Every structure is written in C-alpha cells, then in structure tokens.
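Heads up: take any position in the sequence shown, counting from 1, add 481, and you land on the numbering used here.
For glycine and all other residues, C-beta sits at the position ideal for the given N, C-alpha and C.
Computed from a predicted model, the values in this text were never measured in an experiment.
Take a look at the structure below.
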Amino acid sequence: MRNKEKAMGKLVDYILDFLLGFPEKQEKLVGYTADKTHFADYKVVIVPSDFFSEKVFGTATSLPTLPLPELEGVPVLFGQPKVEKIGETLVCYADLVASSFFLLSRYEELLVAERDEHGRFSGKFSLPYRAGFLSRPIVDEYGQLLRSWLRDLGCEVLEPTPDYSRIVLTHDVDFLYNFRHFRGLLGGIKRTVLGQGVDFKTVVKSLFSLENDPAYTFPWLLEQDKRVPKSHTIFFVKAAKKRAKLDYPHYSLISRDAHHFFELSNLYDCEIGLHASYASGVEPALVLQEKERLQSVISQPITSNRHHYLRIFKPEDMDMLLAAGITDDYTLGYADVAGFRLGTCRPVKWINPITKRVTELTLHPLTVMDCTLSNENYMALNYEQALDCVQKLLLQVKRHGGEVVLLWHNTVISDRKAYHKELYAQIINFLAS
Ligand SMILES: [Zn+2]
C-alpha cells in the first residue's frame with residue numbers, strides 16, 4: 482500500500498513539474514488534494530476527481546464521455562470546469578493531473594479494443610480526435626493555464642520562449658535502394674515490361690551506381706536538413722533477422738552500399754537509430770537482438786528507436802525498449818491522422834498506464850509523417866492542405882517551446898506522383914526562416 486502511495490506521489494510530482502515546465506523546489510506552488518485543511522499550503526490547488534480511485538481506475542467508467550466541458554477554452558477530461566478563490570488559494574475543480582495522465586500515458590489505448598489492420602490503435606479511435614482537439618497539445622495548454630493563474634496570484638512564473646526547443650529531422654530507411662539487389666532488379670524489370678511507371682534506363686543506371694538508384698535520395702535529404710540551423714538528423718535503420726512480410730525488403734547492413742550510406746551519415750554528423758521491425762510489434766523481445774545487430778555494424782551505441790509502421794502498442798513494448806537500453810523513442814504519432822498523440826509537443830518520460838510508474842524512457846512526440854498527409858486511407862490532403870496542416874502544427878510546437886519531429890521517407894522523395902519532395906523543401910524553408 483505504501484509503495485502504491487509513493488508511486489502515486491512521484492507521478493503527481495512529475496506531472497505537476499511537467500505542466501509547469503520547471504521542477505518545483507521546497508516551496509510548492511501547486512497542490513493536488515481534496516483536503517481543505519491543506520488548501521492554504523499552496524497558491525493553486527487541483528482537486529482530484531475519482532479517476533484514480535480503486536473503483537474507477539482501469540474500468541470502462543473511467544473513460545470520459547463526450548462532449549467534454551471546457552475551462553477557459555481548454556477541454557477538461559475529468560472533474561468540473563470550475564475555479565474559485567478560497568482564502569488566498571485558487572482552487573481548481575478540473576482534474577488537470579488525471580487529464581494529463583490520461584493523455585501522456587495513452588491510458589485509453591489499454592481500454593479501447595479497436596485496432597486497425599496492422600494491430601494499431603488508430604488516431605481516429607482516440608478521444609482527442611473524436612473530441613476535435615488532436616491538433617492541440619492540450620497538456621501544454623493546461624500548463625499555460627496554471628502559469629497564468631500563478632502570475633495572477635503574484636508569483637514570478639515565466640512562459641517558455643516561443644521557439645522550438647529542438648528540431649529533429651528523421652528518415653526511416655525502409656528501403657536503402659530499389660534496384661541494387663537481385664529481387665529488386667527483377668521487380669524493376671518486371672515493372673518496366675508491364676509499363677508500371679518504371680523507366681528501364683533508371684533500372685540499368687542503378688545497377689552501376691548507388692547514387693542513381695531512385696530510392697537513394699539521402700544526399701538530397703541531407704542537403705535539405707543542413708539548411709535548418711541546429712537541427713538534428715536521425716536515420717532509423719532496420720536490422721531484423723526474423724522478419725514479417727511487411728518487414729521486406731531486406732537490405733544487408735554489411736554490403737558496400739550500406740557502408741557507403743553509413744559513411745554519408747557520418748559525414749553529416751547524423752545519428753543512427755533502430756527501426757524496430759514490424760515483427761517486433763508482436764514479439765517485443767526482438768528489439769534487443771535487432772539493436773545489438775545494428776550496434777555491432779556501426780560500432781556505436783544505439784539509444785534511439787522508432788517502430789516500423791509506428792507499430793507500438795502495449796506497455797510491454799515500452800518495457801522491452803527500456804530493457805534493450807533504448808533511452809529515446811520517436812514512434813508516438815498516429816499513422817492515420819497528424820496531431821499530438823501524447824497530448825503534448827514536448828519530450829516526456831513514458832508513464833506506465835497500469836503501474837503509474839514514471840520511467841527513464843523519453844518519448845519524443847512525432848509531429849508529422851509524410852504519408853499521413855497524402856495517403857488515401859489517412860488524411861488524403863492535397864499539396865496546399867498538407868502544407869497548411871504542417872505549418873499549423875509547427876506553430877503550435879513553437880508556441881509551447883516544444884520539439885519538432887518530422888518523418889520523411891527517402892522513397893517518397895523520388896515518387897513523381899507524390900508531392901513530398903516539394904513539400905519537404907517548403908517545410909524546411911519554413912523551419913529555416
Ligand atoms: Zn518503416
């Protein structure tokens with residue numbers, strides 16, 4: 482019992498510090514209590530709802546019902562949208578701690594059974610999407626509310642600088658090349674013969690030089706990334722031995738082409754992270770094997786991960802990342818709709834939604850992925866709509882001092898039917914300006 486209370490205390494401290502944007506020292510500004518005799522100890526008190534009570538937590542009744550009430554224009558998941566002054570203390574009956582926990586830990590993904598054809602919890606199933614606020618990092622808006630109340634009460638609390646805290650440009654290497662191996666070459670010839678938009682000359686030219694292969698667009702991507710001052714590029718590389726169908730094609734990590742790619746990545750000072758396989762989505766123990774395989778090839782420690790197909794779903798997957806020595810994960814976005822899956826645009830420690838434990842794994846919210854914007858089954862946006870959508874998300878990130886994480890695949894750049902090359906260049910312009 483005491484351990485449970487201790488874990489709960491740590492969770493509340495972590496969430497309050499996260500909301501405020503700074504760790505509280507001895508003098509506590511914000512309290513989380515229903516005990517009126519303690520209200521005067523704090524400047525602001527958040528009164529807990531029954532969300533964390535034994536009767537409610539983990540049951541279907543804990544899920545919020547729509548429509549959600551709003552407090553100063555911000556949706557509230559639990560408690561009442563009401564504040565009042567009691568003595569010198571501002572008392573808030575909206576349970577901002579439980580609401581933040583719900584979003585940051587992806588609690589609802591444990592309770593809602595719907596899954597897409599890849600076993601993923603889709604954005605369209607999520608409460609933030611259904612309630613119409615997926616494109617707003619409302620946990621960060623809660624923080625803004627708390628800080629403004631504290632300022633009204635005479636506390637010197639600053640807003641974060643409206644700028645990106647970090648810009649991370651990431652590329653998942655699902656394909657290193659198209660036509661450089663035997664199967665790819667045969668596929669290319671077949672597509673040429675069938676008139677499926679593959680030019681025979683390109684196939685032949687790829688045979689003679691990696692740079693001529695249409696999937697090898699890394700030099701172009703790196704030149705774009707370089708235009709954004711202080712940005713950080715990560716390539717997420719596959720290293721699976723045991724593969725599911727959707728983990729194909731396989732590329733050798735010790736081939737001359739892979740060596741060439743790793744040298745290029747080094748030259749531009751990029752990070753190599755693990756692109757955990759589709760198979761590891763159902764067999765999380767594979768993550769460690771894959772990480773060790775990749776690590777042995779590049780002779781550098783791997784600490785970052787993104788799951789192929791953004792296929793991460795269970796607390797066990799996160800535990801396995803931690804056990805494999807992964808400290809930073811970049812998977813948490815929805816494939817089908819862009820927005821803030823974690824309710825925040827800032828990196829946040831993974832909170833286990835069952836045990837409520839705050840772990841050492843840092844989750845970096847994915848701001849947007851290329852195919853989410855264009856895919857017919859996802860958002861199906863045209864070029865102008867896609868650019869507008871990304872710019873709006875980036876402005877939110879900037880406003881809250883958050884982190885930008887973009888995911889652009891090397892393969893979409895050479896797709897002549899898609900707009901992603903032009904769009905990426907335009908987004909880079911936006912970030913660089
Ligand atoms: Zn992938």
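(request) Put Pro556 into one of helix, strand or coil per three-state DSSP. (result) strand
(request) Could you please go through the chain and list the residues whose beta-carbon is closer than 5 Å to any non-hydrogen atom of ligand 1? (result) Asp653, Asp655 and His789
(message) Report the start-end ranges of each alpha helix (DSSP H) in the segment 806-877 that is 4 residues or longer and not cut off at the edges.
(response) 851-855
(request) Could you round the C-beta distance between Thr853 and Val829 to whole angstroms and report it? I think they count as a contact, below 8 Å. (result) About 21 Å separates the two Cβ atoms, so there is no contact after all.
(request) Determine the direct distance from the alpha carbon of Leu585 to that of Trp831, and round the result to whole angstroms. (result) 8 Å
(message) If the criterion is Cβ atoms closer than 9 Å, does the pair Lys524 and Leu634 meet it?
(response) yes
(request) Only counting runs of 3 or more residues, tell me where the beta strand (DSSP E) segments fall wholly within the segment 587-673, in order along the chain. (result) 647-654
(request) Would you check if there are 3 or more beta carbon pairs closer than 8 Å linking the segment 713-729 to the segment 755-767? (result) yes
(request) Take Leu904 as the anchor and find which of Glu595, Ala867 and Tyr811 has the nearest alpha-carbon. (result) Ala867
(request) Please state whether DSSP places Thr570 in a helix, a strand or coil. (result) strand
(message) With the cut-off set at 9 Å, would you say Ile567 and Lys509 are in Cβ contact?
(response) no
(message) Can you look up Ile908 in the DSSP assignment and give me helix, strand or coil?
(response) helix
(request) Using DSSP bridges, identify the partner residues of Thr714. (result) Leu650
(request) Please determine if the segment 561-580 and the segment 625-634 are in contact, where contact requires at least 3 C-beta pairs separated by less than 8 Å. (result) yes
(request) Specify the secondary structure class of His740 as computed by DSSP and reduced to three states. (result) helix
(message) How far does the alpha helix (DSSP H) with Asn484 in it extend, from its first residue to its last?
(response) Arg483 to Leu501
(message) Excluding the 5 residues flanking Gly560 on each side, which residues of the same chain have their C-beta closer than 6 Å to its C-beta?
(response) Ser530, Tyr574, Ala575 and Asp576
(request) Starting from Ala757, follow its DSSP beta bridges and name the residues at the other end. (result) His788
(message) Let me make sure I understand the geometry here. Which of His881, Thr892, Asn891 and Leu887 has the alpha-carbon closest to that of Pro641?
(response) His881
(message) Buried or exposed for Gly624, going by 16 or more other Cβ atoms inside 10 Å?
(response) buried
(message) Taking 7 Å as the limit between beta carbons, can you name the residues of its chain near Phe499, skipping five residues before and five after?
(response) Val829
(request) Please look up how many angstroms separate the CB atoms of Thr808 and Thr784, rounded, as I've assumed it's under 8 Å. (result) 5 Å
(request) With a threshold of 16 other CB atoms inside 10 Å of the CB of Val526, please say whether the residue is buried or exposed. (result) buried
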